[in-house]
């Protein structure tokens, strides 16, 4: 029996589209128990009412793809979710990682090896292949601030040390699927926009590494995805302005949205209330979290029999 604990993540970080992510101190926990009658998934907490309880759930679906004929016939997965679903905080990426991690643990169990002693590079490569991009799964697996890009041999990753930072994440009650967010993007970009984002992504990385708040405020701008997504989320533009006015260093979409993430050194509740009020003004309820960035990634442990 295996338990995995996986953090929330915020991806893109303004100009770092599909290649930069940061782990946040909010966690989903998944347990794999062998036995029972068929395949069962039991969910508690965020989004639990809408999640499939059988083999169609994302986690056993990924396990089946990874294991093929080696897929166990009877097991139960128990999910304890504190990360809001469809929020831009990587909830679905935690499920992807759980599926890949559980599949790898089954393989090791069948081989007579320690099921909790997993090859993280292999897990990352498989999770990125399933997810399609690594800016959520890489920081969730490894922890911290991670730059991740595809490579002919898989993926290239680099954890960049960063000065401790608090964030305020505000998530409106607005259905904005990742598929919708992807469809909103153009098929091509100008050279000027590409240069704009490349330079600013490098500056964001340097600002986080050195704790340079002035540089972070200037660099956290984007021309690749935010201009096409912010207008689709009622109140998002107003929330960004309100958070800045309330003292945030910078504000961007968290992942593809609809959540907004603000980086700050103080006044966290004030910033959260400002964003919440902006969404209220357009008729949307919302919640906010004050979250530390965390250097801790996936924790894997064995459960007692």
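In the working numbering, the protein residues as written are 2 to 306.
Built from N, CA and C at the ideal position, the CB exists for glycine as well.
The model shown is predicted, which means the values in this text are computed figures rather than measured ones.
(message) Give me the DSSP bridge partner(s) of residue 165.
(response) For the purposes of this step, residue 165 is taken as the residue at position 164 of the chain shown. The partner list for residue 165 (beta bridge, DSSP) is empty, contrary to what the question assumes.
(message) Excluding the 5 residues flanking residue 283 on each side, which residues of the same chain have their C-beta closer than 6 Å to its C-beta?
(response) The residue you call residue 283 lines up with position 282 of the chain shown. Taken in chain order, the residues that qualify are 235, 236.
(message) Considering just the uninterrupted stretch of the alpha helix (DSSP H) at residue 190, what are its terminal residues?
(response) Here residue 190 corresponds to residue number 189 of the chain shown, with the count starting at 1. Looking at the DSSP string, residue 190 is not in any alpha helix (DSSP H), and its letter there is neither H nor E.
(message) Do residue 260 and residue 90 count as a contact pair if the criterion is CB distance below 8 Å?
(response) Here residue 90 refers to the residue found at position 89 of the chain shown. Here residue 260 refers to the residue found at position 259 of the chain shown. Result yes, Cβ atoms of residue 90 and residue 260 sit closer than 8 Å.
(message) Is the separation between the beta-carbon of residue 9 and that of residue 84 shorter than 8 Å?
(response) Position 8 of the chain shown, counted from the first residue, corresponds to residue 9. Position 83 of the chain shown, counted from the first residue, corresponds to residue 84. Cβ atoms of residue 9 and residue 84: closer than 8 Å.
(message) According to DSSP, simplified to helix, strand and coil, what is residue 59?
(response) By one-based count along the chain shown, residue 59 stands at place 58. Of the three classes helix, strand and coil, the one that applies to residue 59 here is helix, per DSSP.
(message) Please classify residue 277 as buried or exposed, where buried requires at least 16 neighbouring CB atoms within 10 angstroms.
(response) As a first step, residue 277 is located in the chain shown; it is residue number 276 there, counting from the start. It counts as buried.
(message) Helix, strand or coil, according to DSSP, for residue 242 in the structure here?
(response) Locating residue 242 in the chain shown gives position 241, counting from the first residue. If DSSP states are grouped into helix, strand and coil, residue 242 belongs with the helices.
(message) Quick check: what's the CA-CA separation for residue 114 versus residue 141?
(response) Indexing the chain shown from 1 puts residue 114 at position 113. Indexing the chain shown from 1 puts residue 141 at position 140. Computed Cα separation, rounded: 25 Å.
(request) Could you tell me the distance, in whole angstroms, from the CA atom of residue 281 to the CA atom of residue 44? (result) Translated into the one-based positions of the chain shown, residue 281 becomes position 280. Translated into the one-based positions of the chain shown, residue 44 becomes position 43. Residue 281 and residue 44: Cα-Cα distance of roughly 30 Å.
(request) Take the Cβ of residue 263 as the centre, count every other Cβ of all protein chains shown within 10 Å, and call the residue buried at 16 or more, exposed below. (result) Within the chain shown, residue 263 is the residue found at index 262, counting from 1. Its Cβ being crowded by 16 or more others within 10 Å, residue 263 is buried.
(message) Strictly by DSSP, which residues pair up with residue 222?
(response) Translated into positions along the chain shown, residue 222 becomes position 221. DSSP lists no partner for residue 222.
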